[in-house]
Structures are given as C-alpha cells and as structure tokens.
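Protein chains: 2
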Amino acid sequence: MSKYSGVSLSVIRRLPRYYRFLKDLKSRGMERISSQEFAKLIGLTASQIRQDLNCFGGFGQQGYGYNIEALSGEIGKILGVYENRPTIIIGAGNLAMALINYISLKQEGFKIIGIFDSDPEKLGKKAGDIEIMDIADIEQFCKEHSPTTAILAVPKTAVASLWQKLVDCGIKGFWNFSNFDLKLVVSENIAVENAHLDDSLMTLGFCINEL
Amino acid sequence: MSKYSGVSLSVIRRLPRYYRFLKDLKSRGMERISSQEFAKLIGLTASQIRQDLNCFGGFGQQGYGYNIEALSGEIGKILGVYENRPTIIIGAGNLAMALINYISLKQEGFKIIGIFDSDPEKLGKKAGDIEIMDIADIEQFCKEHSPTTAILAVPKTAVASLWQKLVDCGIKGFWNFSNFDLKLVVSENIAVENAHLDDSLMTLGFCINEL
C-alpha cells in the first residue's frame, strides 16, 4: 500500500545507496556516525541526506547523528529487504546465472524459487540448486507456488509475448533486463524496475566522448 | 572533448532510449516518423523530445517529422556507438560472460580485447574467443594493447585495490558493476558509469511495497 506516494523517484533511488553504506559501516562494527561524516562518505551534503530521510519520517538526532543499526534497519524495512518474495527468473543464460548467485548472496528481499527457459538443452539442468524448467510449464508452476516477482533475462521479443501471461499468473513486480518497454504497457498496480544495460553502456560512451 | 557540457544528465540518459527505438524502427524498414508518433511510442511528449534534441543541435523538420536513419545516425555519433574502444573486463564470472556476449552482440562502441581474473582455475580458459588472463599481467597487457575502457565485474574490495593501477595504465572510462564508489575517488577526466544492480533491485523492492 502506498505509504510514500509523495516522495520523488530521485529520493527513492538514493535510499539503496544509504542502505549499502550503512550496512558496510555496521559490518565494520561502527555504532553511530555524525551527519557530516556520513554525508562526506556518501558524497552528498548533510542537509540533502536530512531532507531525504525526512520524507520517510526522519531518523537522526540533533547532536548525536545517526545510529547506524537503527537507521539501516529502518531503511531496510522501507526497501523491503527483510521480505522473502518468491521470485522466478525467465531465461537461463549467463546473465540469469549471475543474477541467481547475486540474489542469494545479497539477501535483499527476494528468493529465487524457479528458473525457466525454452531451450531443450537447458531443461532439467541445475542453476544453483534449482532445476531449469520449461517455459511452457510456467502457468502450472505459478498456480502451485505463487511467485510475485519475475526477473526478465530474455530478449525483447520473448518478453513481448510473455509479460501478459506473467501478470495473469499473479506477478506484481518485474526486474526487466530486456529492452522491451514494459512500463508503457503494464497497469499502475504492477511495479517495473528496468535494468537497461545497453542504455548504461551507451551513456558511458557519451561520457568518454566528452572527456 | 566536452561538446555538450551544459546538457543535463537526465537529457543525456534519454539519448540511448531514443537511439534504441530509432534502431528498432529502422530495422522494421521505416524511413520517417512524425514527432507525435515518435513521442507516443517512446512514452514522452513531442515537446520534450524536441527540447532534448535541441540540446544537440535539433534534428527534426517542421511538417516532416524525423528521418529515422539520419536521426539514429546523429544520436549514434553523439553516443559514440561507431567507435571501437579497446575494452578489458576485470573478473571472469557469470556476469562477465553475460557482458562479453552482450557487448559483441550489441556493437555499441566497445570491443573486448582482454579478460582478467585471479582465480587459477579460470586462467587460460576461453571466454568467447578470448583467453582469460592473470590479473597480475594486466600492466604488461595495457602497455602492449592500450585499452581505454575497463568493465569492473568483481567485488568492491577487488576494485578498491585495483582502480588506481588501471587509471595509471591509461583507462579513461569505467563501467562499474561493483559497489565500490569509484566516482568519489577518480578525477574528473575519468568517466564512470555505475551499474549498481543491487540499488536497482532494492528500488524494485520499494516499488512492490508501495503497490
């Protein structure tokens, strides 16, 4: 349910960054940090961080700074990292394999429960401890296991023919590595996060040209 | 050399998207498109697209719309997709393998000429048609082959100990998949494009929570 509907996307996109830095500080045994030190570490101003966090209630204490464990816990909750969302991956190529390792390592709120491909050579093989299943069986799988998130690690054309079926099967959130512009077609009650690697690479190209 | 220093990053980040859509239209044999149709397709307004393109000189013609081949060529040039930048990948895990396929397939201005890892089990094996080399030999390789771009597909700690050496070896642009915040340490004459997958995943978590 939308608790933070007024918060701008650019603020939301900074939260994972705060969370990562806090987790890192925590793992180094630190308990608190002044807002100035935190700002310097993260490459922003103390006032920007304060403004950002105020969108979610504000968590600092004047004269004390931030309690690292408490703040990382609060931000983690907002980001849903303590959830265990049943997640499927569409596509069993190298990218999918990298993402499976990554997700199980990171524990950021998602749990892979199924991997699907259409390549007969891949079916039945294992990715981590999960067997690669036939994409033709996906509806049956979804009925039985109710995944809520799908990671799309297949080309654009495959996503074009598949996304509606996934929505019908109960998928609420997509992590989209394809170039298919899902956001233009799904309704507002579906979450889409694009990871357009080629846009990122071309942006690098631009920046190198500008040096 | 900076030709577009006044252009905001959000405009720049839309260029690859324009380029992708134009390439797609071109591959379907289309020659021109009205600014309204293009805007609808891409999910923006015609006026926003016009404003964006005006930052780079403007390429439309009143009453004609956009010539698809010409516009994709111009934007491609701005993004440097016709370059052939010698590029190395640090790390030879699943992510690196996915990126190698991806880059050779996409032809967006980068050419992989070397892959490096420190795992003795990987050394000498092939990734595509390139042999995986020992990270200890990277300086020698750079002297001989002068790569200008490095893709960082290794953990944060590895990047922390390696980035300065890469800069000293002549690397001008980094595509950074690690959580090491390169932008905070490198000088302004180095281009860094982060692909923070976990920030992207956590943003999805937030958006799902908000449904």
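Chains as they are written, first to last, in the numbering used here: chain W, 1 to 211; chain Z, 1 to 211.
Glycine is no exception: its CB is placed at the ideal position from the N, C-alpha and C atoms.
A quick note: this is a predicted structure, and the numbers were derived from the prediction, not measured.
Of all Cβ atoms in chain W, is any one closer than 9 Å to the Cβ of Z:D181? The residue labelled residue 181 of chain Z in the question sits at position 181 within the second sequence. Z:D181 counts as touching chain W.
Are W:V186 and W:V167 close, meaning C-beta to C-beta below 9 Å? For the purposes of this step, residue 186 of chain W is taken as the residue at position 186 of the first sequence. For the purposes of this step, residue 167 of chain W is taken as the residue at position 167 of the first sequence. Going by C-beta atoms, W:V186 is nearer than 9 Å to W:V167.
Within 10 angstroms of its Cβ, does W:T45 collect 16 or more other Cβ (buried), or is it exposed? Here the question's residue 45 of chain W lines up with position 45 in the first sequence. W:T45 is exposed by the Cβ-count criterion.
Determine the extent of the beta strand (DSSP E) in which W:F110 is found, giving its start and end residues. Translated into the one-based positions of the first sequence, residue 110 of chain W becomes position 110. Element bounds for W:F110: F110 to D117.
Counting beta carbon pairs with one atom in the segment 159-178 of chain Z and one in the segment 179-196 of chain W, are three or more of them shorter than 8 Å? no
Report the start-end ranges of each alpha helix (DSSP H) in the segment 41-92 of chain Z that is 4 residues or longer and not cut off at the edges. 46-54 and 68-79
Distance, Cα to Cα, Z:A160 vs Z:I88? One-based indexing of the second sequence puts residue 160 of chain Z at position 160. One-based indexing of the second sequence puts residue 88 of chain Z at position 88. Approximately 17 Å between the Cα atoms of the pair.
Name the two residues that bound the continuous beta strand (DSSP E) containing W:I12. For this step, residue 12 of chain W is matched to residue 12 along the first sequence. Where W:I12 is concerned, there is no enclosing beta strand (DSSP E), although the alpha helix (DSSP H) it sits in stretches over L9 to S27.
Figure out for me which residue from Z:A96, Z:E37, Z:P86 and Z:S10 has the closest Cα to the Cα of Z:G63. For the purposes of this step, residue 63 of chain Z is identified with residue 63 of the second sequence, where counting begins at 1. For the residues Z:A96, Z:E37, Z:P86 and Z:S10, the minimum Cα distance to Z:G63 belongs to Z:E37.
For chain W, check one thing: does any of its Cβ atoms lie closer than 9 Å to the Cβ of Z:S119? Sequence index remark: in the second sequence, residue 119 of chain Z carries index 119 (1-based). Per the sequence shown, residue 119 of chain Z should be read as Asp rather than Ser. No, Z:D119 does not count as interfacial toward chain W.
Segment limits, alpha helix (DSSP H) that includes W:V167: Against the first sequence, residue 167 of chain W aligns to sequence position 167. K156 to D168 is the extent of the alpha helix (DSSP H) around W:V167.
May I ask you to report which of helix, strand or coil DSSP gives W:T149? As a first step, residue 149 of chain W is located in the first sequence; it is residue number 149 there, counting from the start. Reduced to three states, the DSSP call for W:T149 is strand.
Under DSSP, the alpha helix (DSSP H) around Z:F180 begins and ends at which residues? Sequence index remark: in the second sequence, residue 180 of chain Z carries index 180 (1-based). Looking at the DSSP string, Z:F180 is not in any alpha helix (DSSP H), and its letter there is neither H nor E.
To the nearest angstrom, report how far apart W:Q61 and W:S200 are at their CA atoms. Taking the first sequence and counting its residues from 1, one reaches residue 61 of chain W at position 61. Taking the first sequence and counting its residues from 1, one reaches residue 200 of chain W at position 200. Looking at the two C-alpha atoms, the distance is approximately 38 Å.
Helix, strand or coil for Z:D198 per DSSP? Residue 198 of chain Z sits at position 198 when you count from the first residue of the second sequence. Helix, per DSSP.
Within 10 Å of its beta-carbon, does W:M133 have 16 or more other beta-carbons around it, so buried, or fewer, so exposed? Indexing the first sequence from 1 puts residue 133 of chain W at position 133. Per the 10 Å Cβ criterion, buried.
Opening and closing residue of the beta strand (DSSP E) in which W:I103 lies: For the purposes of this step, residue 103 of chain W is identified with residue 103 of the first sequence, where counting begins at 1. It is not in any beta strand (DSSP E) - W:I103 instead sits in the alpha helix (DSSP H) that spans N94 to K106.
Using 8 Å as the Cβ pair cut-off and three pairs as the minimum, do the segment 70-88 of chain Z and the segment 129-148 of chain Z touch? yes
Could you please give the first and the last residue of the uninterrupted beta strand (DSSP E) stretch that includes Z:I132? Residue 132 of chain Z sits at position 132 when you count from the first residue of the second sequence. I130 to D134 is the span of the beta strand (DSSP E), which, as asked, contains Z:I132.
Throw me the rounded Cβ distance for the W:R20 and Z:D198 pair, which I believe falls under 8 Å. On the first sequence, residue 20 of chain W is found 20 positions in, with the first residue counted as 1. On the second sequence, residue 198 of chain Z is found 198 positions in, with the first residue counted as 1. Right, their Cβ atoms sit about 7 Å apart.
Are at least three pairs of beta-carbons, each pair with one atom in the segment 105-116 of chain Z and one in the segment 104-112 of chain W, less than 8 Å apart? no
Going by beta carbon distance, what residues of the same chain come within less than 6 Å of W:A96, once the five residues before and after it are set aside? In the first sequence, residue 96 of chain W corresponds to position 96, counting from 1. Closer than 6 Å at the Cβ level, and outside the excluded window around W:A96, lie I89 and A153.
With burial defined as no fewer than 16 other Cβ atoms inside 10 Å of the residue's Cβ, what is the status of Z:T157: buried or exposed? Translated into positions along the second sequence, residue 157 of chain Z becomes position 157. The residue is exposed, with fewer than 16 neighbouring Cβ atoms inside 10 Å.
Please state whether the Cβ-Cβ distance between W:I208 and Z:T148 is less than 9 Å. Taking the first residue of the first sequence as 1, we reach residue 208 of chain W at position 208. Taking the first residue of the second sequence as 1, we reach residue 148 of chain Z at position 148. Cβ distance < 9 Å, so W:I208 and Z:T148 count as in contact.
Those residues which DSSP pairs with W:A191 across a bridge: For the purposes of this step, residue 191 of chain W is taken as residue 191 along the first sequence, with counting starting at 1. DSSP output for W:A191 lists W:G173 as bridge partner(s).
Determine the contact status of Z:Y18 and Z:D52, defining contact as a CB-CB distance below 9 Å. As a working note, residue 18 of chain Z is residue 18 in the second sequence. As a working note, residue 52 of chain Z is residue 52 in the second sequence. In contact: Z:Y18 and Z:D52 (Cβ atoms closer than 9 Å).
So what does W:K126 bridge to, in DSSP terms? Counting from one through the first sequence, the residue named residue 126 of chain W turns up at place 126. Answer by DSSP bridge pairing, in chain order: W:E131.
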